[in-house]
Structures are given as structure tokens and as C-alpha cells.
DNA sequence: TCAAAAGTGTTCCGCTTACACCCATGC
DNA sequence: GCATGGGTGTAAGCGGAACACTTTTGA
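Chains as they are written, first to last, in my numbering: chain G, 23 to 243; chain P, 23 to 243.
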């Protein structure tokens, strides 16, 4: 007779607003860790682990169709007090607005990445790995766009990179580099109603990016 | 009542010999896929997933204390015909000699990476991901040394990189770069009994590497 | 007219790349 | 003495980093 192990998924969902990088947490309604904040997630059913992650995200936060990548699988024997539970952790990127619209304002909330409450299970460790993965990945894959609205200014894009990487970037060099690899398209539109010179709005062109990707390309911020 | 899922581990073990990159396979003695070659692995017991991977490696191949990193977790519903099974896949690097010594010569064997037999389950897909991970990781972390004997010549090191990356490298540039980041130590010894000018033997200095690593360093071949 | 951010080029340096010949050994 | 790989330096070009001022808008 075989040792039984439960399988769950957990998602570290990142968003970006004026104040910086945010993460989406759920307040647990049941034991264990009732009342504690936790990463959205739950048990895997008769479905693939990715399907489970997307289903739980939708059920608990209303999010659908977001950028989602597998992060790491956490399998210490004692990470769940109830039973031996292995969790497949994921990280997701989205616009904060997508959640505000979708959530029933109930138990989900955004927290600044450096002001997380005490989390259930080993979710703090999962978050730490996710944060590090995001920092690393953003430098060689243009996944950051998932955090921005469809149209954005170059300054917004730069701020995103500064927040994720945790250091300041040079404005001129940033623009030069980011425009050089041409998957950014000038929409021709400008910001409206800003008390300063309005900035051009750009969008990320996935088609162009895919093309470059095949040509083998590496560079980034 | 909850849907039951089995949890396994599988390891893609890489080795290097004169002919190139090799991978270690096990011939399955039981159904399903009885008689087929497969990655070493098995069910997780009352232990962490990493402990399970190391235990299975030791039981099935005799390998102990090898370099081992988590790769990806495969969780399609139908990847195991018996039942819903999620597998946490790992990749390992070792000297081929370590296995020849340890194995009871029974059911484990090395295969050239480009001449694999038909594998059990979705192990071919796991291998493909592992191969790609190795190619990527070797460029920014000095994990390749795990494949070489303790003392090696620069030509052996270069061949390793050429095999893993799948392209030729310039001898002078390679030596310049690899010696520049100084975690390679000249042991002062030379090859013996070669029908040509004997090469110097170097070793990888983990201490020095850790020091560099903290200083934030990136470059590689 | 003021405040605030947008937008824009050049120089310097270091790394990457390309490239060819002499050397030490075993047989 | 011959075959085999070991070992070495330089020049050119490219990409990354540093750096300051003018422009446009709303109030």
C-alpha cells in the first residue's frame, strides 16, 4: 500500500501600480491557517496541473487568460500540517485593473511586495522564489509587458523595469535599447490631460517579437 | 472525497565521454512499459521530493551525492496509463565513471543523446526539456564541471562546452575567457603518456567561484 | 511664467571576435 | 622525424555606460 500525497497548485500573481510591484493574496476562510493571507491555489482535480492553476485563479480571483508559468514544486513533508502535500507553484502577471474588475471585492487583495502580511503554509518561500524568478526572467524575455496596459509610455515601461530589477536605469540608454529591438510600435497617440508635455503611447507587438525570437536574440535591459 | 493523484520523481542524468553527451536510462522490469527504457525514478514516499529523487537515483543507478536540480513538473492527466500521476522531474550531472563503478551492470545504460531508444511514459519530453535547460544554464553557471573528472585539461573543458552548446568555440578566446574569471586553478600537473605535448591539468575551485558569485557576475562562454 | 516630465546624441571603454604559428611529446 | 594536439597575442569592431539640455504641455 502506497503512501498518499495530496497535490495542490499555488500562484504568485504580480501586478503593478503607481506605488510599485504588488502581489495578490487571498484570505483563507478555512483551517488550517484560517484567517491568514495566502497565495491563491487549491487541490488538483482530474485535470493537468496547469489547468488546475488556471481554474483556481479564476475561482478565487476572477482572473482568466493571464500570463502563467510554472515556477517550482515544493515538496517538504511537513509543509502542510494536515498531510503530506506537494504543491506545484506558478507565477502570473496581470494588469491590476483586470482583478479589480473581476473580483467580488471579497477576500482577495493586493499587497506591496515589501509589505506582505504573514502568509499561510510556506507561501512566503514560494513568493521569494517567484520574486527572484521574475527579476531574472525579465532581463531576457519581454514578459514585463504583461504588467502594463495595452498602450503605455516609455517612462512607464522604464519604471516597470526599475521596479522589477530594483535599480535605476538611464533614460536615454533605456530608450535606445528598447526601441532598437523593434517589437515596440508607436501608436501615434499621445497621453491626454497631463500637466506636462504628453508622452507617446507605444504597444508591444507580439508578432514582431516572435519573429525576432526565432532569429535567436538575447539582449535585454 | 478527493481525486487521488500519485506523485513520482524522474531524473535525466547526463554524463560525458569521448563521443559526446550521454544520458543514463533504466530498463523497466514491470508494467506499464515493461521492457522499455525510461528515466530513473519512482514514487515519492514519506520524504521530500528531492529526497525521493536522490533515493531513486541511488537505488536504480548507485549514484550518490550528484549535482541535482529541479527541472519541471509534468502533470497531464493521461501521462500514466494506470492513474493520474504527477511527476517532478530533475536533471543530474555526473562523471560517467561514477556510474560504471556503482551500478550492478544490470539494467542501467548510457545512451548517446541523439540516439535514444523509444522511452516509456512522456520521458522523451522530459529529456527534451532537460537538454534545453542544460544548454541554457551552462552559459551562465559553471555547472559543466560536474561532468568532468576533478582534474581536466582546457581542451576537455572546451569540448564539453562545444558538445553542450552544439557549436564550435575558438580555442584562444575560450582559454582567455575561462582563465580570466579565476576559479580555475592550475594544478601544476601534466597529462601522462599522451602521444603529443602533454596538457596542463586544471581543477575548478568552488571557493573562489562562490566568492565571485556574491560579487554578482554574469559572463560565460 | 512656472513646474514637470518628454525627448534626444556623442564619447569612451571594455568585451567579443577573428585569426596563424611554434612547441613538446610518443612512437 | 613525423604526427598530434598544446599553447600563445594582437587588432578591429561593437555594444554598454555615462552624461545635460531643450521642448511641450497644463495650470
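Heads up, the beta-carbon is just placed ideally off N, CA and C, and yes, glycines get one too.
- Residue 42 (chain P): not part of any alpha helix (DSSP H); member of the beta strand (DSSP E) spanning 42 to 49, first to last residue.
- Relative to the Cα of residue 111 (chain P), the nearest Cα in the group P:191, P:58, P:178 and P:35 belongs to P:35.
- Around the CB of residue 216 (chain P), fewer than 16 other CB atoms lie within 10 Å, so the residue is classed as exposed.
- Sequence-distant partners of residue 98 (chain G) (beyond 5 residues in either direction) whose C-beta falls short of 8 Å from its own C-beta, in its chain, are 144.
- Neighbourhood of residue 94 (chain G) in chain P, by CB distance below 8 Å: 92, in chain order.
- Collapsing the DSSP output to three states places residue 32 (chain P) in a strand.
- Restricting attention to G:46, G:183, G:76 and G:115, the CA atom closest to the CA of residue 137 (chain G) is found in G:46.
- Closer than 9 Å at the C-beta level to chain G, one finds these residues of the stretch 62 to 80 of chain P: 65, 66, 67, 68, 69, 70, 71, 72, 73 and 74.
- At least one beta carbon of chain G lies nearer than 8 Å to the beta carbon of residue 27 (chain P).
- Residue pairing for residue 180 (chain G): DSSP places it in no beta bridge.
- Around the Cβ of residue 37 (chain P), a 10 Å sphere holds 16 or more other Cβ atoms; the residue is buried.
- Using a CB distance below 7 Å, no part of the stretch 128 to 149 of chain P faces chain G.
- Nearest Cα to residue 86 (chain G) within the set G:117, G:109, G:196 and G:181: G:117.
- In this structure, residue 185 (chain G) lies away from residue 61 (chain G), with their beta-carbon atoms at least 8 Å apart.
- Relative to residue 166 (chain P), the option among P:173, P:183, P:26 and P:66 whose CA is nearest is P:183.
- Taking the Cα positions, residue 56 (chain P) is about 14 Å away from residue 130 (chain P).
- Of the residues assessed, residue 63 (chain G) falls on the buried side of the cut-off, its CB having 16 or more other CB atoms within 10 angstroms.
- By the neighbour-count criterion, in which a residue is buried when 16 or more other Cβ atoms sit within 10 angstroms of its Cβ, residue 214 (chain G) is exposed.
- Contact check between the stretch 71 to 86 of chain P and the stretch 69 to 85 of chain G: fewer than three CB pairs, one atom from each, fall below 8 Å, which does not count as touching.
- Around the beta-carbon of residue 48 (chain G), 16 or more other beta-carbon atoms lie within 10 Å, marking it buried.
- Residue-level contact by beta carbon fails for residue 216 (chain P) and chain G, as no gap is shorter than 8 Å.
- Residue contact check for residue 151 (chain P) against chain G: no CB pair falls below 8 Å.
- When secondary structure is reduced to three states using DSSP, residue 202 (chain G) falls in the helix class.
- The Cβ neighbour count for residue 25 (chain G), taken over all protein chains shown within 10 Å, is under 16; the residue is labelled exposed.
- When the five nearest sequence neighbours on each side are left out, the beta carbons in the same chain lying within less than 8 Å of the beta carbon of residue 83 (chain P) are those of 35, 46, 48, 62, 121, 124, 125 and 130, in order along the chain.
- DSSP, read as helix, strand or coil, puts residue 211 (chain P) in strand.
- Taking a C-beta distance under 8 Å as the contact criterion, residue 207 (chain G) and residue 224 (chain G) qualify as a contact pair.
- Contact residues of the stretch 95 to 117 of chain G toward chain P are 95, 97, 98, 99, 106, 108 and 110 (C-beta to C-beta distance below 7 Å).
- Proximity of residue 157 (chain P) to chain G, defined by a Cβ-Cβ separation below 8 Å, is not satisfied.
- For residue 24 (chain P), the closest Cβ of chain G is nearer than 8 Å.
- In the structure shown, residue 175 (chain P) adopts coil according to DSSP, grouped into three states.
- The closest CA to that of residue 226 (chain G), considering only G:171, G:199, G:152 and G:142, is found on G:171.
- Contiguous beta strand (DSSP E) elements confined to the stretch 65 to 112 of chain G occur at 89 to 96, taking only those with 3 or more residues.
- Assignment of residue 169 (chain G) by DSSP, reduced to helix, strand and coil, places it in the helix class.
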